[in-house]
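Step one of this worksheet: look at the structure below.
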Amino acid sequence: MNNLLMSEFRKELLKTDCIPKELSHISLRYKELFLLDIENGNIELEEVTKCQCGCDFLEELAKIDRFALPFGSYICKKCGLVITSPRIKSASLPLYYDKYYHPLNYGQEHLEEQEALFEVGQGKKIFNVLKDFLPAKKTLKVLEVGAGTGNVLSELKDEALKYDIEIDELGTEYNQDCIDKAKKLGVNIIYGDLATAEKYGETFDVVILSHVFEHFIDLEYEVNLIKRLIKPDSLLYIEVPGILDLHNKKHYNRSFLGYLIHAHMYNFTMYSLSNLLFSFGFKPIFLNNKVESIFQLGEYYQHENEYVRVLNYLELISDLSFFDENQTLRRWHDSEKEKAKNTEDGMILKKKKARNTEDGMILKKKKSIKLILHMKT
Ligand SMILES: [Zn+2]
Numbered sequence: 001m002n003n004l005l006m007s008e009f010r011k012e013l014l015k016t017d018c019i020p021k022e023l024s025h026i027s028l029r030y031k032e033l034f035l036l037d038i039e040n041g042n043i044e045l046e047e048v049t050k051c052q053c054g055c056d057f058l059e060e061l062a063k064i065d066r067f068a069l070p071f072g073s074y075i076c077k078k079c080g081l082v083i084t085s086p087r088i089k090s091a092s093l094p095l096y097y098d099k100y101y102h103p104l105n106y107g108q109e110h111l112e113e114q115e116a117l118f119e120v121g122q123g124k125k126i127f128n129v130l131k132d133f134l135p136a137k138k139t140l141k142v143l144e145v146g147a148g149t150g151n152v153l154s155e156l157k158d159e160a161l162k163y164d165i166e167i168d169e170l171g172t173e174y175n176q177d178c179i180d181k182a183k184k185l186g187v188n189i190i191y192g193d194l195a196t197a198e199k200y201g202e203t204f205d206v207v208i209l210s211h212v213f214e215h216f217i218d219l220e221y222e223v224n225l226i227k228r229l230i231k232p233d234s235l236l237y238i239e240v241p242g243i244l245d246l247h248n249k250k251h252y253n254r255s256f257l258g259y260l261i262h263a264h265m266y267n268f269t270m271y272s273l274s275n276l277l278f279s280f281g282f283k284p285i286f287l288n289n290k291v292e293s294i295f296q297l298g299e300y301y302q303h304e305n306e307y308v309r310v311l312n313y314l315e316l317i318s319d320l321s322f323f324d325e326n327q328t329l330r331r332w333h334d335s336e337k338e339k340a341k342n343t344e345d346g347m348i349l350k351k352k353k354a355r356n357t358e359d360g361m362i363l364k365k366k367k368s369i370k371l372i373l374h375m376k377t
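Numbers 1 to 377, taken from the UniProt record's numbering, label the letters of the sequence shown in order.
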């Protein structure tokens, strides 16, 4: 890796005089109000000095998020997890989500103006990712945490019916407007979170966290709650916006700064997520770069540190010409596709074989990145 090039793209990311995302007047107004609430202490922030893996060697990647709000991003040198700091304190999150999250993000003051929190098709997609791994039962108990307006569960139920599977669902949600909307869709939903679901004293065949996991502060606490809600053959579906998929995301403007948002406490790759879940006793049975993933309780092995891979990737996408040259874009695709293939097909590789494949792919990728850098200069 050329140090000069490296430092140039890192310097770019650390700029604060840029606007990563164009904001509507509603978003802008709420941004000002949010800053005011931070200033007067209504919303409290805290610095993060340690990664979830215990390492305190955090390197600064960015000083602002997509709204140009002063929330920085740091990458852990030991595991490659990208962490937001400062972050909103746990006690301030209810106020934040109630007052700021939706208007800031969606540029709409009222939930009624939004159709759904997720694009149509999300629940159908999730069912189809899950379906090959589901326990063979006629009725499945499904829990969705942060179920929003209930669209995911509603679609999932409809899709499951096509396969003669009945879904006995429970959704949890904090936002009352969302709960009302979900109820209208006929979704069984309650006010609360994982801890509330635990009080039900039930176990679930499937637990869904769709764009929720990256919002958690204490991942170990949340995963331990999940463990009390599942059985050995239960599936844990986690979907988060993967860092290594930014080149496919037009709405992030295909840029890292456009992707960063203060409400995401962590930013994952499929392997940094898998490594984290591994440390809590989970094995991946499906993974891809987007990140859509399925985990189950069980033994696995740790993938290598994602630090280098994340930085290599961010350097590549920092060069806009990267996206104009299709061949260059394909090159990244090809090297990644092969690496993800085995898990994407739902196959679990034998430990040793996986290590060999991974080492092979890393060598191949390094070569292609070198080639790209050569082509650029
Ligand atoms: Zn770490």
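Ideal placement from N, C-alpha and C gives every residue a C-beta, glycine not left out.
Can you give the Cα-Cα distance for residue i and residue j, rounded to whole angstroms?
i      : j      : result
Ala91  : Glu44  : 8 Å
Arg66  : Asp17  : 12 Å
Glu169 : Val187 : 7 Å
Gly80  : Glu214 : 15 Å
Ile285 : Phe216 : 22 Å
Ala68  : Cys53  : 28 Å
Leu105 : Thr203 : Leu is not the amino acid found at residue 105; the sequence shown has Asn there. Asn105 and Thr203: Cα-Cα distance of roughly 34 Å.
Cys55  : Pro94  : 29 Å
Gly148 : Leu58  : 33 Å
Gly72  : Glu12  : 14 Å
Gly171 : Leu246 : 29 Å
Leu33  : Gln176 : 22 Å
Are the CB atoms of residue i and residue j nearer to each other than 8 Å?
i      : j      : result
Asn253 : Lys31  : no
Val223 : Phe280 : yes
Leu194 : Val240 : no
Leu225 : Gln296 : no
Asp180 : Pro135 : no
Ile88  : Tyr96  : yes
Val291 : Gly258 : no
Tyr300 : Lys283 : yes
Glu220 : Tyr271 : no
Leu244 : Asn275 : no
Glu159 : Phe127 : yes
Leu14  : Ala62  : yes
Leu161 : Gly123 : no
Counting along the chain, where does the alpha helix (DSSP H) carrying residue i start and finish?
i           : result
Phe34       : His25 to Glu39
Val223      : Leu219 to Arg228
Lys184      : Gln176 to Lys184
residue 380 : For residue 380 there is no data in the structure shown, the boundaries of the chain being 1 and 377.
Ala160      : Asn151 to Leu161
Ser279      : Met270 to Ser279
Phe256      : Phe256 to Tyr259
Leu61       : Taken as a continuous stretch (DSSP letters only), Leu61 belongs to no alpha helix (DSSP H), being part of the beta strand (DSSP E) at Leu58 to Ala62.
Leu246      : Neither: Leu246 is in no alpha helix (DSSP H) and is coded neither H nor E.
Could you give the first and the last residue of the continuous beta strand (DSSP E) run that contains residue i?
i      : result
Ser73  : Gly72 to Cys76
Ile167 : Glu166 to Glu173
Phe282 : Phe282 to Leu287
Lys141 : Thr139 to Val145
Leu93  : Note, Leu93: premise wrong, no beta strand (DSSP E); alpha helix (DSSP H) at Leu93 to Tyr96.
Leu297 : Glu292 to Leu297
Glu48  : According to the sequence provided, residue 48 is Val. The question's Glu does not apply to it. Where Val48 is concerned, there is no enclosing beta strand (DSSP E), given that its DSSP letter is neither H nor E.
Ser85  : Val82 to Ser85
Helix or strand or just coil, what does DSSP make of residue i?
i      : result
Gln122 : helix
Glu202 : coil
Asn42  : coil
Cys18  : coil
Asp319 : coil
Pro103 : helix
Lys11  : helix
Next item on the list: Output the residues surrounding ligand 1, defined as those with a CB atom closer than 5 Å to any ligand heavy atom, in chain order.
Entry: If you measure from each CB to the nearest heavy atom of ligand 1, the residues under 5 Å come out as Cys51, Cys53, Cys55, Cys76, Lys78, Cys79 and Leu81.
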